[in-house]
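So the sequence shown is numbered by the numbering used here: it starts at 3 and just counts up by one.
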Amino acid sequence: ETETIPVSMGWHPYFTLQVPIDDLLLNLPVNEFLELGDRNIPSGSYLPFNQFKSLEEIGTTQLDHGFPVTSCTSDSDRAATILSESDSGQQLLIWQETGPTKYNYLQVYTPPDRNSIAIEPMSSAPDSFNNKIGLIELPGGQSTNLSWGITTS
Numbered sequence: 003e004t005e006t007i008p009v010s011m012g013w014h015p016y017f018t019l020q021v022p023i024d025d026l027l028l029n030l031p032v033n034e035f036l037e038l039g040d041r042n043i044p045s046g047s048y049l050p051f052n053q054f055k056s057l058e059e060i061g062t063t064q065l066d067h068g069f070p071v072t073s074c075t076s077d078s079d080r081a082a083t084i085l086s087e088s089d090s091g092q093q094l095l096i097w098q099e100t101g102p103t104k105y106n107y108l109q110v111y112t113p114p115d116r117n118s119i120a121i122e123p124m125s126s127a128p129d130s131f132n133n134k135i136g137l138i139e140l141p142g143g144q145s146t147n148l149s150w151g152i153t154t155s
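Printed below as a string of structure tokens:
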């Protein structure tokens with residue numbers, strides 16, 4: 003008998019385009035976010051999220067949200083987050099592979115200093131070893147490959 007192993011993978015990069023994030027534009031591939039319960043742990047419920055469906059100024063929006071990723075680009079099973087600075091035209095496209103055993107969650111965090119933004123591809127929700135939200139249960143002898151990346155322009 004082979005057992006399964008729980009797998010959860012996430013990256014926590016912070017991005018800056020050399021201006022305060024209040025002046026940046028953001029587009030997220032999400033429609034809802036994970037509601038947080040006690041101790042900021044996901045409750046298992048989802049709430050609608052209607053911001054940043056197209057490039058929209060971050061302004062004073064504060065984010066510390068976990069999202070299930072809901073939309074992919076047309077050329078593959080990838081979801082894309084776009085961070086853009088309109089004056090210089092600088093743009094980052096942070097893509098993540100989606101689908102079974104892939105990066106199907108996204109954590110976005112705006113730190114208090116507002117000089118950067120964390121855009122974090124994740125394979126599961128925070129605390130997934132306990133709440134099982136998105137947790138990959140990999141059968142013995144099996145493997146998975148997950149990928150994400152950044153494109154600049």
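Idealized CB from N, CA, C, for every residue including glycine.
Just checking my contact of residue i with residue j at CB under 8 angstroms: how many whole Å lie between their CB atoms?
i	j	result
Leu65	Tyr111	6 angstroms
Val71	Tyr107	6 angstroms
Gly46	Asn117	33 angstroms between Cβ atoms; not a contact.
Thr146	Ile152	Actually they are not in contact, since the Cβ atoms of Thr146 and Ile152 sit about 21 angstroms apart, beyond 8 angstroms.
Ser86	Met11	With a Cβ gap of about 27 angstroms, Ser86 and Met11 do not count as contacting.
Thr154	Leu94	6 angstroms
When DSSP builds the beta bridges, which residues end up paired with residue i?
i	result
Trp97	Ala82, Gly151
Pro50	Glu34
Asn42	Asn42 pairs with nothing; no bridge assigned.
Pro8	Glu139
Leu28	Glu58, Leu85
Val71	Val32
To the nearest angstrom, how far is it from the Cα of residue i to the Cα of residue j?
i	j	result
Glu37	Gln20	32 angstroms
Pro123	Arg80	11 angstroms
Ile96	Trp13	12 angstroms
Lys55	Gly143	40 angstroms
Pro8	Ser90	44 angstroms
Pro31	Thr83	6 angstroms
Ile23	Gln92	13 angstroms
Gly100	Asp115	According to the sequence as given, residue 100 is Thr; it is not Gly. So the alpha carbons of these two residues sit roughly 31 angstroms apart.
Pro44	Ala127	8 angstroms
Leu27	Ile119	11 angstroms
Ile135	Phe35	12 angstroms
Gln109	Thr6	26 angstroms
Ser88	Lys104	31 angstroms
Thr18	Ile121	11 angstroms
Phe131	Gly39	16 angstroms
Leu49	Pro102	23 angstroms
Counting only runs of 4+ residues fully inside the region 95–139, write out the alpha helix (DSSP H) ranges in chain order. DSSP runs (the alpha helix (DSSP H)) wholly in the region 95–139: 130–133.
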